[in-house]
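Protein chains: 2
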Amino acid sequence: MAVRGRPRGFDVEAALDRAVEVFWRQGYDGASLTDLTEAMGINRTSMYAAFGNKEQLFHRAVARYAEADMAYAREALAEPTAYAVIQSFLRANADALTRPDRPSGCLSVQGGLAEGGDSGRIARFLADSRLAGEHALAQRLARAVEEGDLPAGTDPHALARYVMVVSEGNAVHAAAGATRAALHTTVDIALQAVPRPHAQVSA
Amino acid sequence: MAVRGRPRGFDVEAALDRAVEVFWRQGYDGASLTDLTEAMGINRTSMYAAFGNKEQLFHRAVARYAEADMAYAREALAEPTAYAVIQSFLRANADALTRPDRPSGCLSVQGGLAEGGDSGRIARFLADSRLAGEHALAQRLARAVEEGDLPAGTDPHALARYVMVVSEGNAVHAAAGATRAALHTTVDIALQAVPRPHAQVSA
DNA sequence: CGACTTGAGTACCGAGCGGTACAGAAATGG
DNA sequence: CCATTTCTGTACCGCTCGGTACTCAAGTCG
Numbered sequence: 001m002a003v004r005g006r007p008r009g010f011d012v013e014a015a016l017d018r019a020v021e022v023f024w025r026q027g028y029d030g031a032s033l034t035d036l037t038e039a040m041g042i043n044r045t046s047m048y049a050a051f052g053n054k055e056q057l058f059h060r061a062v063a064r065y066a067e068a069d070m071a072y073a074r075e076a077l078a079e080p081t082a083y084a085v086i087q088s089f090l091r092a093n094a095d096a097l098t099r100p101d102r103p104s105g106c107l108s109v110q111g112g113l114a115e116g117g118d119s120g121r122i123a124r125f126l127a128d129s130r131l132a133g134e135h136a137l138a139q140r141l142a143r144a145v146e147e148g149d150l151p152a153g154t155d156p157h158a159l160a161r162y163v164m165v166v167s168e169g170n171a172v173h174a175a176a177g178a179t180r181a182a183l184h185t186t187v188d189i190a191l192q193a194v195p196r197p198h199a200q201v202s203a
Numbered sequence: 204m205a206v207r208g209r210p211r212g213f214d215v216e217a218a219l220d221r222a223v224e225v226f227w228r229q230g231y232d233g234a235s236l237t238d239l240t241e242a243m244g245i246n247r248t249s250m251y252a253a254f255g256n257k258e259q260l261f262h263r264a265v266a267r268y269a270e271a272d273m274a275y276a277r278e279a280l281a282e283p284t285a286y287a288v289i290q291s292f293l294r295a296n297a298d299a300l301t302r303p304d305r306p307s308g309c310l311s312v313q314g315g316l317a318e319g320g321d322s323g324r325i326a327r328f329l330a331d332s333r334l335a336g337e338h339a340l341a342q343r344l345a346r347a348v349e350e351g352d353l354p355a356g357t358d359p360h361a362l363a364r365y366v367m368v369v370s371e372g373n374a375v376h377a378a379a380g381a382t383r384a385a386l387h388t389t390v391d392i393a394l395q396a397v398p399r400p401h402a403q404v405s406a
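In order, the protein sequences belong to chains A and B. Everything in the first sequence is counted per this note's numbering, starting at 1 for the first residue and increasing by one. Everything in the second sequence is counted per this note's numbering, starting at 204 for the first residue and increasing by one.
In structure tokens form, the structure reads like this:
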């Protein structure tokens, strides 16, 4: 049975982790195959054999990023109250955006915002993956409204979008070199806008 | 006296406006000289004669953008109260990010977030220009604190940063195709976090 | 041991990049 | 008129891009 042919000489997951860092720091367009393969420690051809092409490598890298570097988002959704979910998410996000051992900011934001040479395929892909996170949060908040954990009449989609906006704005700031403390100060203020169950805010 | 030599065959400002759109939509790296000069309706050489090189053209384009497309920001600073300043800024910003006759989003965000082939010079330049706006807002808010227009103890820099974070997050959303209404809904929520003079919020 | 299968390495492809040399065109100054 | 100055247009530069053809190395099968 075993593997036929010459065995692969490198660890795919480890190589992917290196690729994540390069895409994260330099963006999709800014990361050349030479940059990527040098960081991954493998040959150009090996990369094509293992991942297909640059775009597929990027998809794999984003998936890996979502799984490893954004695990905090899934954990936040498990918090008992809507406020705790949002607070946990924004706090962990601020930390993740400023980890000293990782590039500043967020791969799914600085990976590519504008249409590059690919007519926006990369930007659209990243936008969709961010939107998926927003929807997941909105569903969690909708449950909170049902449970009376958020004031009746609260729009869970709007609140989820607001939370993502704060997260993405912080990502832009982090990419520009803002400190972790600065991001948390912003979260302090942003949390003031989150409705609490006992304080009916709407008109 | 008059102009010596052959007169220029195109309007520099008009050409610059076209360049702004291309950079805005495609980002700095994604906008090729061919894309730019075709949109500007001029020859490659004419562009070099008039602007120097691609990077200098970009600087001119950003300056033009700040002057024309971000005029609302300066106008917002003239509002009488801190709350009115912030509200005016965020409302006009949401509109500007979704103008039907212009690219979605904000040039100074999607122009370049990650380091491209230029080791981050473009990203740093844009970050600095965004920071300049943040400082201007912070100064205006500092005045508001002195005037009792914001609660004593309010950190004007932190509040300015929060406002810019919302603005930049909305820019990311707009670039991803969010509607104008969605952006305004986010502003509705974001404004809840802005302290008012009569409502002391801090502990 | 070969026959076969698969990864690794080199060397290269056409295309597009930013930038420029050079010749010609259109104006002013004498 | 011609010399000078400046802009325009073509045609090209060297370089890097993403991607690949081809050869060799390293394994499993029989």
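Glycine is no exception: its CB is placed at the ideal position from the N, C-alpha and C atoms.
For A:THR45, the uninterrupted alpha helix (DSSP H) segment begins and ends at 44-51.
About 6 Å separates the Cβ atoms of A:VAL109 and B:VAL375, confirming a contact at the 8 Å cut-off. Here B:LEU219 has ARG263, ALA264 and ARG267 as same chain residues with Cβ atoms under 7 Å from its own Cβ, once five neighbours each way along the sequence are excluded.
Rounded to the nearest whole angstrom, the C-alpha separation of A:PHE89 and A:GLY133 is 11 Å. Taking a Cβ-Cβ cut-off of 8 Å, the neighbours of A:HIS173 in chain B comprise ARG364, MET367, VAL368 and GLU371, given in sequence order. Residue state for B:ARG209 is assigned as coil, using DSSP reduced to three classes.
In this structure, A:ALA114 sits near B:GLN229, with a CB-CB distance shorter than 9 Å. Counting every other CB atom within 10 Å of its CB across the protein chains shown gives A:ALA78 a total below 16, marking it as exposed.
Non-local beta-carbon contacts of A:GLU13 in its own chain, meaning distances under 8 Å to residues more than five positions away in sequence, involve ARG64 in chain order. For B:THR389, the residues of chain A that pass the 8 Å Cβ criterion are ALA158, ARG161, TYR162 and VAL165, in the order they occur in the chain.
Distances from the alpha-carbon of A:LEU150 to those of A:ASN93, A:THR34 and A:ALA193 put A:ALA193 closest. If you check the CB distance, B:ALA242 and B:ALA222 come in under 9 Å. Around the beta carbon of A:PRO195, 16 or more other beta carbons sit within 10 angstroms, so the residue counts as buried.
For the set A:LEU36, A:TYR28 and A:GLY41, the Cα lying nearest the Cα of A:PHE10 is the one of A:GLY41.
A distance of 9 Å or more separates the beta carbons of B:GLY308 and B:ILE325. Counting C-beta pairs with one atom in each stretch, the segment 340-349 of chain B and the segment 285-301 of chain B have three or more that are closer than 8 Å, which means they touch. Sequence-distant partners of A:ALA94 (beyond 5 residues in either direction) whose C-beta falls short of 7 Å from its own C-beta, in its chain, are ASN170, ARG180, LEU183, HIS184 and VAL187. Only residues of its own chain outside the window of five on either side were considered, and among them ASN43, ARG44 and MET47 have a CB closer than 7 Å to the CB of A:THR37, listed in chain order. Along the length of the segment 56-135 of chain A, whole alpha helix (DSSP H) runs at least 4 residues long occupy 71-77, 82-96 and 107-110, reported in chain order. For B:ASP214, no CB of chain A lies under 9 Å from its own CB, so it is not counted at the interface with that chain. Counting of Cβ neighbours within 10 angstroms places B:PRO306 among the buried residues, the total reaching 16 or more. For B:ALA361, the enclosing alpha helix (DSSP H) has its first and last residue at 359-378. Ranked by Cα distance from B:ALA276, the first of B:LEU260, B:ARG294 and B:ASP304 is B:ARG294. Less than 9 Å separates the beta-carbon of B:ALA269 from that of B:SER332. About 6 Å separates the beta carbon of A:PRO197 from that of A:GLY148, a gap short enough to meet the 8 Å contact definition. The Cβ of B:GLN290 sits no closer than 9 Å to any Cβ of chain A.
For chain A, the residues of the segment 306-318 of chain B that bring a beta carbon within less than 9 Å of one of its beta carbons are PRO306, GLY308, VAL312, GLN313, GLY314, GLY315, LEU316, ALA317 and GLU318, in chain order. Taking a 10 Å sphere around the C-beta of A:ARG161, we find 16 or more other C-beta atoms and assign the residue as buried. Listed by position along chain B, the residues whose Cβ is nearer than 7 Å to that of A:ARG25 are ALA317 and GLU318. What B:ILE245 touches in chain A, judged by beta-carbon distance under 9 Å, is nothing: the nearest beta carbon there is about 22 Å away. A:ARG64 has a beta carbon lying at 9 Å or more from every beta carbon in chain B. Using a Cβ-Cβ cut-off of 9 Å, A:GLN139 does not count as an interface residue toward chain B, since no Cβ of chain B sits closer than that to its own.
Its Cα nearest to that of A:VAL22, the residue B:GLY319 stands out among B:ALA361, B:HIS360, B:GLY319 and B:VAL366. Straight-line spacing of the CA atoms in B:LEU362 and B:HIS338 works out to 11 Å.
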